[in-house]
Structure formats: structure tokens, C-alpha cells
Amino acid sequence: MSLDIIVCVKRVPDTETRVRFSDGARMIDSEGVKYIVSPYDEFALEAAFRTTEAGGEGKVTVITLGGEESLETLRVALAAGADAAVLLRVRGSVTMDGLATAKTLAAELKTREEPLVLFGVKAGDDDQQQVGPMVATLLGRPCASSVTSFEVHEGTVRCEREVEGGTEVVELDLPAVVTLTKGAFELRYASLKGIMAAKRKPLEVKDADLPEARLTVERLDYPPERAEGRIVGEGVEAVPELVRLLRDEANVL
Amino acid sequence: MGDVLAIAEQKDGKIRSVANEVVTVAAAVAEGLGGSAHALVLGGDGVGEHAGELGTFGAEVVRVGEEAALESHVPEIHAAVIAEVVASHDYTAVLFAATAVGKDLAPRVAALVDAPLASDVTHLEVNGGRLVGIRPIYGGKLMARIGFETSPAVVSLRPNAFGADGSPASGRVEPFTPAIPDEVRTRVVDFRSAEAGAVDVSEATVIVSGGRGMRGAENWGLLEDLRNALGPGTALGASRAVVDAGWRPHSEQVGQTGKTVAPRLYFAVGISGAVQHLAGMRTSQTIVAINKDPDAPIFSVADYGIVGDVFEVLPRLTSEIAALRAEG
Numbered sequence: 160m161s162l163d164i165i166v167c168v169k170r171v172p173d174t175e176t177r178v179r180f181s182d183g184a185r186m187i188d189s190e191g192v193k194y195i196v197s198p199y200d201e202f203a204l205e206a207a208f209r210t211t212e213a214g215g216e217g218k219v220t221v222i223t224l225g226g227e228e229s230l231e232t233l234r235v236a237l238a239a240g241a242d243a244a245v246l247l248r249v250r251g252s253v254t255m256d257g258l259a260t261a262k263t264l265a266a267e268l269k270t271r272e273e274p275l276v277l278f279g280v281k282a283g284d285d286d287q288q289q290v291g292p293m294v295a296t297l298l299g300r301p302c303a304s305s306v307t308s309f310e311v312h313e314g315t316v317r318c319e320r321e322v323e324g325g326t327e328v329v330e331l332d333l334p335a336v337v338t339l340t341k342g343a344f345e346l347r348y349a350s351l352k353g354i355m356a357a358k359r360k361p362l363e364v365k366d367a368d369l370p371e372a373r374l375t376v377e378r379l380d381y382p383p384e385r386a387e388g389r390i391v392g393e394g395v396e397a398v399p400e401l402v403r404l405l406r407d408e409a410n411v412l
Numbered sequence: 003m004g005d006v007l008a009i010a011e012q013k014d015g016k017i018r019s020v021a022n023e024v025v026t027v028a029a030a031v032a033e034g035l036g037g038s039a040h041a042l043v044l045g046g047d048g049v050g051e052h053a054g055e056l057g058t059f060g061a062e063v064v065r066v067g068e069e070a071a072l073e074s075h076v077p078e079i080h081a082a083v084i085a086e087v088v089a090s091h092d093y094t095a096v097l098f099a100a101t102a103v104g105k106d107l108a109p110r111v112a113a114l115v116d117a118p119l120a121s122d123v124t125h126l127e128v129n130g131g132r133l134v135g136i137r138p139i140y141g142g143k144l145m146a147r148i149g150f151e152t153s154p155a156v157v158s159l160r161p162n163a164f165g166a167d168g169s170p171a172s173g174r175v176e177p178f179t180p181a182i183p184d185e186v187r188t189r190v191v192d193f194r195s196a197e198a199g200a201v202d203v204s205e206a207t208v209i210v211s212g213g214r215g216m217r218g219a220e221n222w223g224l225l226e227d228l229r230n231a232l233g234p235g236t237a238l239g240a241s242r243a244v245v246d247a248g249w250r251p252h253s254e255q256v257g258q259t260g261k262t263v264a265p266r267l268y269f270a271v272g273i274s275g276a277v278q279h280l281a282g283m284r285t286s287q288t289i290v291a292i293n294k295d296p297d298a299p300i301f302s303v304a305d306y307g308i309v310g311d312v313f314e315v316l317p318r319l320t321s322e323i324a325a326l327r328a329e330g
């Protein structure tokens, strides 16, 4: 069965990038930072492509919220296979207050017809894990989070979720929201053909309002340095000393 | 004002130990705010039986909603009932555990009560009458100190990052009749259990993780032996390379695109320590690394390291720890 799908993506610093900030800053220095599509959003993109391919038709539209720099993120998604893209252009920056982000996204989604909206389970920068279920709640739609794979049936989507102690299978009535974690969907590489074709795909820029953040970063810090560790020794001879240290010094045995 | 609500998670009708930690934090924060801590327990028949015991950890009031519809975890229903409780009282903060269930419910509740949410917080305190928290961002590469501009604030707490602190006391149990939404569009149709009795890696107090240095799925018995020697509460973990190779399931993956953990004791066996892995385990209390490469990045975060062949070191470590535990 075919259907149109929306994938919401976020532009985040590459995981390998060293993040820095100036003293007193509440945001990182973006200079020299390489930005990517958030890794979990890649799972959502691939899931959307496979679903529309299996159905034979259906369009994948990718949406992001941010400044002009996020156009690059949308182009990556178009090159990988999305059919259309929308930038919800906001003044100022997207903050850690996921509910503000969710409200802006929900306002756009309310005007659209796509029965399935996909998100990555969380963004690779803030790690808040909240925007997907918030959008679903604001729209009054069912939502399954941390989904590793799903199948669309007539009027429903059947999802496998990774939960403590096992795998849960849930069925949601469409329209629905699903957030993806790592599972069956590794994003394909964009082909040269895809990259060329992306230039002709519709990319819409719409101005949007982002509500003021009610959760504010007061200060950034580097994590406390771990106390200097030590090499207890080499090979099997070091084991008794390790066990002694774990018992008497670290008090963890 | 100043009251704090702790959402006490239950499983199969029993209050989970992670709830004790959430109630402990709620009590500490409520004291700082000049209010009191309440706990909320939802579930099927009989779930309230031991609810009063949350008083041990500082809950003055334990609100209990017993209802057949709450027995299985349908998030739409649970979120609606929690939101109703939150709205019924002037809470300054609502605390969840950042477990799979908590991370799924907290954003829904936050959206229903129109409150901001800080997830996976590792520190929470009252400073100058205000609630402030610390949460790791960028995969733990930075820590953000955050302030809440409105009340209530919704917060989920990283399991094991705080600890539970009990003293003999009993909470006043207040049963209520939850209003169950009529129209529910989510149905739980199946549950497939992981290995019986296995502890989930995100909640374990001790984790034994294996990496590529284990050379193949067939060698995992060595890690299982160490896990068994370490006793209950110990879980197996894995690096991304191991999961990508299909040696272990994704549910055991620690690190970015896997689980974030903060156990009391973390063994990294044959794990080099890529930045994606460190993101998921660097807040562990004590880290032990065993690796044949003395330059492996894992040694830079390890408290104790052994440079050596994991196939020689592991059996000896297992027998030494088993002997120690047998001594009691």
C-alpha cells in the first residue's frame, strides 16, 4: 500500500567533531564544525524511502526548522531520494526547548495531508528525545517511539519497538507519528544521479514563528575530567591487583 | 507551590527500583523548594498494594490510580492520566526516570500540560529558590546547565546517576479513579521477551561490554561467565562494531545510536573506545578497560586498565571475582 510520508530532520554537528565554546557562551562555536543530518533522522529517511518504494508510489517530503544554513541538510535528503523539501525558516536559533520546536512543526503539519510523519528518535546534538512524541500529542495523533522497523497496512502502521526486556509490537491508526532508532534502516548513499536530480526537486522556504524558549541553557561546561586512570598491569598477572583495587579502592565489588 | 511529583514506574504490577531513585530526588528537590514530594503509581489491580513503601524514599503522598486499562503500557492512556494528575495540583516539577517508558511518556505529558521538558538530566538542584539541572549534550562531550523559566518543569532523570536514599517512613496512600480516554488509537499487539531474567543494559548497575577484540559471537560465553560471576543487576553490553557485525542485538549497544548508561561499574573488554562509544558510557562511576593495544582511547577514560589478551585475562578475572563473592 502506498502513502505519502513526511520526514522531519535536523542539522547537527558531526559526531566526530570536537565541539568548543567560548567562555560564558551558551552555544557552541560553529566555526570549523562539520554539520550532518542527525544520524537517527537518516534511519527515518531510509524507512520512508523503503516504504514508498514498496508501495510503488507515494511521495517523501522532508521538513526542517532552522535558518538558511539548514538548506544544505535538505539538499542532502533530496540527493538521497526525498521528493520535496520544506525549510521552516525561523529567526534566531532552534533551542533545547523541544516543545517550542514541536509547536512550530505541528502548526505546519496541521496544514498537510500526509498520513505518516517520521522522526529520528532524538537529535544528535541536544539528545532530548522529545520532539516526535510532542508533535504527535499536539496534533492528537498516536505515536510509537524508538521503532526499529514498521509496516504500513490499510489505515494502520505496525511498529516494532525496542523496550526494556524485549521487543514490543504496537499498531497505530493512521494518521500517526513514528520515531526511528537504529534497526533495519541504514541510509543509502546518494548517487551522482541523485545529487544531480536533487537540483530540480521542489525546495520550499516558508517563514515560521518559533515560540520563546522556556528552557534555557545558562552555561556550558566540559564534562568533569575523570581522575587520571592507571594501567594496573599487563596480562593475566595483573588480575589479582585489579580485583583488589575494585574491592578496596573503588568499593564496587 | 514547591511540591514535586515523582512518576513511579511499575512493571507487572511491581514498583520498579528506579522509582525509588526518582522519589529520592523529588524529596530532595521539594525540600529545597519548601514543598513536599508526591509519587504517582499507575497500573492494574493490586498495583497500589506496596505503594506506601515509596514513603521510605521521601514521598509524603502516594497517589494511586488502579484501573484495568492501565495494566498494559499504552502511552496515550498513561500520558493522559498523568497529565490530569499534574494539572490537578500546583506542582513545581514533575520527575520521570529516563527509562524507555519514561522517555516515551515524558514528552507526551509535557505537551499535554504545556511545560518544557529536560531529558536525561544527571544533576538537579534548587539554587536561589530556582530549579536548575545539568544534562549532557553532544553525546556527553559537553554539559549544559539549564534553568526552567516556567512551572511546572518536566524532567527525566538518568537512571543510576542519583541513587536512592531511604529512611523508615510511610507515604500516605491516596487512591483516585483515573479518567481513561475513550478513543485510543494505539494497540499493543505483541511482546517478545529478551533472554529470560536478563537485565537491560540501560538499567544495570554493572555492565560487561564486549568489542571487536572479542573476535566473534562465539566468544561471548566468556563475557557471560563474567556477568554471572558479578551477580544480579549485571548486564551485557556491546560496541557498535559488534552490533553492526551481527554478533549481538542492538538492544545491547552502548553509545551513540545505542544506549546511554551510567552504571556503578563498567567493563570495556576488547573495546577501543571510539567517540561514539564513549558518548554512551563516560558517566559510569568506575570504568575498567581490558585491551591488547596500550594506545586504545578507552584507556583515557578508564579508571583501571589491563593491557593484555582478553582471552587470557577474562577467565582469570571471572574466577577471581567469583572467589571473592563466594567469600561474601
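Chains as they are written, first to last, in the working numbering: chain A, 160 to 412; chain B, 3 to 330.
All C-beta atoms in this analysis are idealised placements derived from N, C-alpha and C, irrespective of residue type, glycine included.
- With the rule of 3 Cβ pairs closer than 8 Å, the stretch 174-193 of chain B does not count as touching the stretch 137-151 of chain B.
- It is roughly 5 Å from the alpha-carbon of A:R300 to the alpha-carbon of A:A335.
- A straight-line Cα-Cα distance of about 10 Å links A:K341 and B:S253.
- Listed by position along chain A, the residues whose Cβ is nearer than 9 Å to that of B:K16 form an empty set, because the closest Cβ is around 13 Å away.
- Taking 9 Å as the CB threshold, B:S38 stays off the interface with chain A.
- In the three-state reduction of the DSSP assignment, B:G260 falls in the coil class.
- The beta carbon of A:D284 falls within 9 Å of a beta carbon belonging to chain B, placing the residue at that interface.
- Contact annotation: the stretch 72-90 of chain B does not touch the stretch 228-244 of chain A, with fewer than three C-beta pairs closer than 8 Å.
- The beta carbon of A:C302 sits closer than 9 Å to some beta carbon of chain B.
- In the structure shown, the three-state DSSP call for B:E220 is helix.
- The three-state reading of DSSP puts B:L144 in strand, counting E and B together.
- Cβ contact annotation for B:A100 (same chain, cutoff 7 Å, sequence separation greater than five): S121, D122, S158, L159, R160 and P161, in chain order.
- Taking the Cα positions, A:E313 is about 23 Å away from A:G291.
- Taking a beta-carbon distance threshold of 9 Å, B:Q255 counts as an interface residue toward chain A.
- The C-beta of A:R170 comes no closer than 9 Å to any C-beta of chain B.
- Per DSSP, the continuous alpha helix (DSSP H) segment holding B:E78 begins and ends at P77 to A89.
- In this structure, the CA atom of B:Q278 is about 28 Å from the CA atom of B:R194.
- Among the CB atoms of chain B, one or more fall inside 9 Å of the CB of A:G392.
- Among the CB atoms of chain A, none fall inside 9 Å of the CB of B:L224.
- Taking B:D311 as the centre and dropping the five residues before and after it, the same chain places the C-beta of K294 closer than 8 Å to its C-beta, in chain order.
- Membership of A:F208 in the alpha helix (DSSP H) is indicated by the continuous run P198 to G214.
- Within chain B, no residue has its CB atom less than 8 Å from the CB of A:P370, the nearest being about 10 Å off.
- Along the stretch 308-324 of chain B, going in chain order, the ones with a CB nearer than 8 Å to a CB of chain A are I308, V309, G310, D311, E314, V315, R318, L319, E322 and I323.
- Annotation for B:V201: G235, T236 and A237 place their beta carbon closer than 7 Å to its own, counting only its chain and skipping 5 residues before and after.
- Per DSSP, B:S121 lies in no alpha helix (DSSP H) segment; the continuous beta strand (DSSP E) that holds it begins and ends at L119 to V123.
- When the Cα atoms are used, B:V303 and A:E384 turn out to be separated by approximately 9 Å.
- Between the stretch 379-396 of chain A and the stretch 257-265 of chain B, the count of Cβ pairs shorter than 8 Å is below three; the stretches do not touch.
- About 20 Å separates the beta carbon of B:A281 from that of B:G307, a gap too long to meet the 8 Å contact definition.
- Taking 7 Å as the upper bound on Cβ-Cβ separation, chain B lies near residues Q289, P292, M293, T296 and L297 of the stretch 289-300 of chain A.
- Following the DSSP letters along the chain, one finds A:G257 inside the alpha helix (DSSP H) bounded by residues G257 to L268.
- For B:V263, none of the residues of chain A pass the 8 Å Cβ criterion, the least Cβ distance being about 13 Å.
- Taken residue by residue, none of the stretch 56-75 of chain B has a beta-carbon sitting less than 7 Å from a beta-carbon on chain A.
- Ranked by Cα distance from B:A231, the first of B:L114, B:R318 and B:I139 is B:R318.
- For chain A, the residues of the stretch 193-205 of chain B that bring a beta carbon within less than 8 Å of one of its beta carbons are F193, R194, S195, A196, A200, D202, S204 and E205, in chain order.
- Residue burial is scored here from C-beta neighbours: B:R110 has at least 16 other C-beta atoms within 10 angstroms and is therefore classed as buried.
- With 16 or more other CB atoms across the displayed protein chains lying within 10 angstroms of its CB, B:L72 is buried.
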